[in-house]
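Protein sequences, first through last, are from chains C and H.
Counting in this note's numbering, the first sequence runs from 1 upward without gaps.
Counting in this note's numbering, the second sequence runs from 1 upward without gaps.
Protein chains: 2
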Amino acid sequence: MSTRDTALTFARKQRDANLAQFRELLAIPSISTLSEHQPDMKRAADWIAAELKHLGMDAVEVMPTGGHPVVYGESLNKPGAPTALVYGHYDVQPVDPLDEWESDPFGGEVRGDYIYARGASDMKGQFFAQLKAVEALVQAGDLPINLKYMLEGEEEIGSPHLAGFIEANKEKLACDFVLNCDAGVHSPTAPGITYSLRGLAYFELKVQTAKKDLHSGRFGGSVLNPIHVLSNLIAGMHDAEGRVTLPGFYDKVRGLDDEERDIVAQAAFPDGEWLEMAGAKALFGEAGYTTAERIGARPTLEANGIWGGFTGEGAKTVLPAKAHAKISARLVADQDPQEIEQQLRQYLSDHMPAGVDWELHEHSWGPGSTMNRKSPYMQAAATAIETVFGKPPLFTREGGSVPVVGMLQTILGVDTIMLGFALPDDGIHGPNERQYLPNFFNGIETYIHFLSQLGEG
Amino acid sequence: MSTRDTALTFARKQRDANLAQFRELLAIPSISTLSEHQPDMKRAADWIAAELKHLGMDAVEVMPTGGHPVVYGESLNKPGAPTALVYGHYDVQPVDPLDEWESDPFGGEVRGDYIYARGASDMKGQFFAQLKAVEALVQAGDLPINLKYMLEGEEEIGSPHLAGFIEANKEKLACDFVLNCDAGVHSPTAPGITYSLRGLAYFELKVQTAKKDLHSGRFGGSVLNPIHVLSNLIAGMHDAEGRVTLPGFYDKVRGLDDEERDIVAQAAFPDGEWLEMAGAKALFGEAGYTTAERIGARPTLEANGIWGGFTGEGAKTVLPAKAHAKISARLVADQDPQEIEQQLRQYLSDHMPAGVDWELHEHSWGPGSTMNRKSPYMQAAATAIETVFGKPPLFTREGGSVPVVGMLQTILGVDTIMLGFALPDDGIHGPNERQYLPNFFNGIETYIHFLSQLGEG
Numbered sequence: 001m002s003t004r005d006t007a008l009t010f011a012r013k014q015r016d017a018n019l020a021q022f023r024e025l026l027a028i029p030s031i032s033t034l035s036e037h038q039p040d041m042k043r044a045a046d047w048i049a050a051e052l053k054h055l056g057m058d059a060v061e062v063m064p065t066g067g068h069p070v071v072y073g074e075s076l077n078k079p080g081a082p083t084a085l086v087y088g089h090y091d092v093q094p095v096d097p098l099d100e101w102e103s104d105p106f107g108g109e110v111r112g113d114y115i116y117a118r119g120a121s122d123m124k125g126q127f128f129a130q131l132k133a134v135e136a137l138v139q140a141g142d143l144p145i146n147l148k149y150m151l152e153g154e155e156e157i158g159s160p161h162l163a164g165f166i167e168a169n170k171e172k173l174a175c176d177f178v179l180n181c182d183a184g185v186h187s188p189t190a191p192g193i194t195y196s197l198r199g200l201a202y203f204e205l206k207v208q209t210a211k212k213d214l215h216s217g218r219f220g221g222s223v224l225n226p227i228h229v230l231s232n233l234i235a236g237m238h239d240a241e242g243r244v245t246l247p248g249f250y251d252k253v254r255g256l257d258d259e260e261r262d263i264v265a266q267a268a269f270p271d272g273e274w275l276e277m278a279g280a281k282a283l284f285g286e287a288g289y290t291t292a293e294r295i296g297a298r299p300t301l302e303a304n305g306i307w308g309g310f311t312g313e314g315a316k317t318v319l320p321a322k323a324h325a326k327i328s329a330r331l332v333a334d335q336d337p338q339e340i341e342q343q344l345r346q347y348l349s350d351h352m353p354a355g356v357d358w359e360l361h362e363h364s365w366g367p368g369s370t371m372n373r374k375s376p377y378m379q380a381a382a383t384a385i386e387t388v389f390g391k392p393p394l395f396t397r398e399g400g401s402v403p404v405v406g407m408l409q410t411i412l413g414v415d416t417i418m419l420g421f422a423l424p425d426d427g428i429h430g431p432n433e434r435q436y437l438p439n440f441f442n443g444i445e446t447y448i449h450f451l452s453q454l455g456e457g
Numbered sequence: 001m002s003t004r005d006t007a008l009t010f011a012r013k014q015r016d017a018n019l020a021q022f023r024e025l026l027a028i029p030s031i032s033t034l035s036e037h038q039p040d041m042k043r044a045a046d047w048i049a050a051e052l053k054h055l056g057m058d059a060v061e062v063m064p065t066g067g068h069p070v071v072y073g074e075s076l077n078k079p080g081a082p083t084a085l086v087y088g089h090y091d092v093q094p095v096d097p098l099d100e101w102e103s104d105p106f107g108g109e110v111r112g113d114y115i116y117a118r119g120a121s122d123m124k125g126q127f128f129a130q131l132k133a134v135e136a137l138v139q140a141g142d143l144p145i146n147l148k149y150m151l152e153g154e155e156e157i158g159s160p161h162l163a164g165f166i167e168a169n170k171e172k173l174a175c176d177f178v179l180n181c182d183a184g185v186h187s188p189t190a191p192g193i194t195y196s197l198r199g200l201a202y203f204e205l206k207v208q209t210a211k212k213d214l215h216s217g218r219f220g221g222s223v224l225n226p227i228h229v230l231s232n233l234i235a236g237m238h239d240a241e242g243r244v245t246l247p248g249f250y251d252k253v254r255g256l257d258d259e260e261r262d263i264v265a266q267a268a269f270p271d272g273e274w275l276e277m278a279g280a281k282a283l284f285g286e287a288g289y290t291t292a293e294r295i296g297a298r299p300t301l302e303a304n305g306i307w308g309g310f311t312g313e314g315a316k317t318v319l320p321a322k323a324h325a326k327i328s329a330r331l332v333a334d335q336d337p338q339e340i341e342q343q344l345r346q347y348l349s350d351h352m353p354a355g356v357d358w359e360l361h362e363h364s365w366g367p368g369s370t371m372n373r374k375s376p377y378m379q380a381a382a383t384a385i386e387t388v389f390g391k392p393p394l395f396t397r398e399g400g401s402v403p404v405v406g407m408l409q410t411i412l413g414v415d416t417i418m419l420g421f422a423l424p425d426d427g428i429h430g431p432n433e434r435q436y437l438p439n440f441f442n443g444i445e446t447y448i449h450f451l452s453q454l455g456e457g
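Next up, the structure:
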């Protein structure tokens, strides 16, 4: 039996054990954006470092950054074979609204074919599957290529320290390509490889019209209401055709030629299926583009949160002093996030009524990126997927953002293979996030084939 | 020395004692809208009942309603003298945002000429001053008129049970006129009497575009964002001239003739002073009206609160499923609150995009009202004010709502005298609510003169 087959057999025997160990990792509430979870971030990093040691990795280290640490480990015992830098993140999003979860967000409850937990899909489940593939190959006696791990803890807050970390550790991280497990496929029966990602620019806006909250009867009708100011600003950010109105917003957007429109169309979900995944009743977006194009190839600007005035139970007749919004843009190549910020400032400055104090705070950003669909690594990933899933992958453009892809391209000069098995309806970032277990187990096998293939090639 | 003068002397000697006792009442956090304060509501009612007994009132009773109780008490020992029904409310607004208070909202800290507490001005301070005037007259040996007290605990939640209570107790509450202490004056040097009040219709709107929160990268740009839907709806509620766009909103609004525009103008604050009281930098309102007219004689529609999506610390790339707003209209005679609800539903229905689930919930309402400036009770109040403040009062239109005025007019057929001493910059409903102490003490004396005058007349 080949090493590959021995590893596959081992992985199948280990399914229950792998699931039990996965639940341990899911139980750590590693929410990077909430400071009270600092100790959990450390626990998650230590848990992963112990696991890397258990897999026989050398030079395992929880490396400090200006924020949450990066877990590093390496196995460089295959001279001549390629070296992959495996990227993942062990941090997760907050879990609110908590009352909409049907089971403990950190319980990892299995219901039907799914395991439910924050991070199950995004993306503890993805890098854990890769680790279990490596474990199977190591158990089978031969890890076929060289590996380096860079598992960060700040992806969900925009990876503020990662570029600096990569810059400071260029030699340590040198590799032939990046294996980024923070990825997904279209459906269990239509596997795909993402070759394009949107970028992100995320902002917080505050508008203030008075020093303090006022009585809506005593002052209402005579001074500005900040909720109205903010509503007008948000309403004006799109025209009637769903196009973003920031000055110059589309100037640098790379268009789609007929070949790419065709590739996008091949991987597109039927509209009805898309609506069902979204749990929505109506499609809405930029005029002149299909849903798949709106997601994969067109930028957005939208409010992720809004708050101001009285939001409690009952009625309070307040004319608030302040209102706030979180606003973010999903960007496509070749939009420049810094230019987007300037455009947003310009828009706000052009449309802000007199007498309003306002502040725009930038949280995080990264450009979009597009990868070479024809590299040998991409081809090995395609072959591995075809072996496990029984059909060649679709090449897809993804609406989400993985800024590290652009960073590694810029700083290390290497391309990335996005190989992960999340599904579009996993509910990531929302309540009842889940991972489809057949994909989890198939993912482990796909990683085994991918690594084996590269070792042979 | 006359009874009146003895009472005035007593009231002046009692200032420190009155302030200390006032602080006891302020210390009870009687927030009617928050269910966890239910026991405090009971405590406040019991405290007032004990005080009424101490003043020698008969038939003192904490009377149950479908919600918080009404405190009743009476003194009917002056046959031939008029009977006043004294109205007040012992409930207060919530105190959020708590971190903007400079001292404990229930501490009653005195800083300079002010006492700071939730309810200091709205309106424990007003009815407490009236009680202390009665105490002084009783101590002086003669309460000159008949009194009945109706002190409710649900004014800040729209008095949902008060109309039923008045209806059920029509005989008990029968009176010649109502003395409503929930009132204010323009400034310490420009005392006034409110003869017109705005009504209120208060709503909560929820819009929902998806079953659950979505990832803004994966779905952003392809389905509706409920914050955008809500922003568009709020933005569209006013035209460029600041006029409300609900269909038929202004149809029944009673216009101002030249005499009333003149009365409004006489009592108007200079714009600069108004801005300073509001803590705002710019005036804004319906085109074609002065600030005083916008407040006193024109209706409004505005958002009192808004919330949806991620509102925590940091960045969360969520495309929310729901967004909410509290929206209220201040109404003037002869607008009908039920018609306003129909107009709002019509507007929402006309402007709601396809595929949005929405709900409009009505919290509370009451019509506006206008009182007779020339009644003997109004004239007695004017004389009392002139005696204490040294100048005749301005007759003013108030922007706030006191729905009980309309209720009592409809059910008991009696007119109301609004006599209270709150100031426009007391910060009611907001953080650091305060009462101006010279007005508090002058208020006690004005009530002594008013009651004495009516007893003599």
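Where is the CB? At the ideal position from N, CA and C, for every residue including glycine.
Given the structure is predicted, the values throughout are model-derived calculations rather than measurements.
Residue-chain proximity (residue i, chain H), Cβ-Cβ < 7 Å
i: Thr-302 of chain C; result: Checking the displayed sequence, the identity of residue 302 of chain C turns out to be Glu instead of Thr. Yes, contact with chain H.
i: Lys-326 of chain C; result: yes
i: Thr-194 of chain C; result: no
i: Phe-219 of chain C; result: yes
i: Leu-503 of chain C; result: Lying before the first or after the last residue shown, residue 503 of chain C is absent from chain C, which here runs from 1 to 457.
i: Phe-284 of chain C; result: yes
Expected contact under 8 Å - CB spacing of residue i and residue j to nearest Å
i: Pro-226 of chain C; j: Pro-353 of chain C; result: Not quite, the Cβ-Cβ distance comes to about 10 Å (not below 8 Å), so this is no contact.
i: Ile-417 of chain H; j: Phe-177 of chain H; result: 6 Å
i: His-449 of chain H; j: Thr-387 of chain H; result: 5 Å
i: Gln-430 of chain C; j: Leu-214 of chain H; result: One detail in the question is off: residue 430 of chain C reads as Gly in this sequence, not Gln. At roughly 6 Å, the Cβ-Cβ gap stays under 8 Å, so Gly-430 of chain C and Leu-214 of chain H are in contact.
Residue-chain proximity (residue i, chain C), Cβ-Cβ < 7 Å
i: Gly-309 of chain H; result: yes
i: Lys-53 of chain H; result: no
i: Thr-6 of chain H; result: no
i: Thr-33 of chain H; result: yes
i: His-279 of chain H; result: Sequence inspection shows Gly at residue 279 of chain H; the His mentioned does not correspond to that position. By this cut-off, Gly-279 of chain H is an interface position.
i: Thr-65 of chain H; result: no
i: Thr-245 of chain H; result: no
i: Ala-210 of chain H; result: yes
i: Asp-176 of chain H; result: no
Bridge-paired residues (DSSP) for residue i
i: Asn-146 of chain H; result: H:Thr-83
i: His-161 of chain H; result: Looking at the DSSP assignment, His-161 of chain H forms no beta bridge with any residue, so it has no partner.
i: Glu-273 of chain C; result: The partner list for Glu-273 of chain C (beta bridge, DSSP) is empty, contrary to what the question assumes.
i: Phe-395 of chain C; result: C:Ile-193
i: Asp-58 of chain H; result: H:Glu-74
i: Leu-301 of chain C; result: C:Ala-329
i: Asp-357 of chain C; result: C:Gln-208
i: Lys-322 of chain C; result: C:Gln-208
Closest by C-alpha distance to residue i, when choosing among the options
i: Arg-43 of chain C; options: C:Leu-19, C:His-68, C:Arg-111; result: C:His-68
i: Arg-330 of chain H; options: H:Arg-373, H:Asp-350, H:Phe-249; result: H:Phe-249
i: Ile-444 of chain H; options: H:Glu-433, H:Arg-434, H:Gly-420; result: H:Gly-420
i: Phe-441 of chain H; options: H:Thr-9, H:Asp-334, H:Ser-2; result: H:Thr-9
i: Tyr-436 of chain H; options: H:Ala-120, H:Val-92, H:Glu-51, H:Gly-413; result: H:Ala-120
i: Trp-358 of chain H; options: H:Ala-323, H:Thr-387, H:Ser-364, H:Ser-231; result: H:Ala-323
i: Glu-362 of chain H; options: H:Met-41, H:Ile-145, H:Gly-153, H:Lys-206; result: H:Lys-206
i: Gly-455 of chain C; options: C:Ala-81, C:Ala-129, C:Ile-31; result: C:Ala-81
i: Val-318 of chain C; options: H:Pro-367, H:Ala-297, H:Gly-399, H:Lys-391; result: H:Gly-399
i: Trp-365 of chain H; options: H:Leu-200, H:Arg-345, H:Thr-446, H:Asn-180; result: H:Leu-200
i: Ala-303 of chain C; options: C:Leu-230, C:Gln-342, C:Ala-240, C:His-351; result: C:Leu-230
Chain D residues whose Cβ lies nearer than 8 Å to that of residue i
i: Tyr-202 of chain C; result: Considering every chain present, this structure includes no chain D. Its protein chains are C and H.
Worksheet item: Which full runs of the alpha helix (DSSP H) of 4+ residues lie inside the stretch 173-259 of chain C, going along the chain?
Response: 216-219, 226-235
Worksheet item: Taking only runs of the beta strand (DSSP E) that begin and end inside the stretch 90-150 of chain C, which ones reach a length of at least 3 residues, in chain order?
Response: 109-111, 114-116
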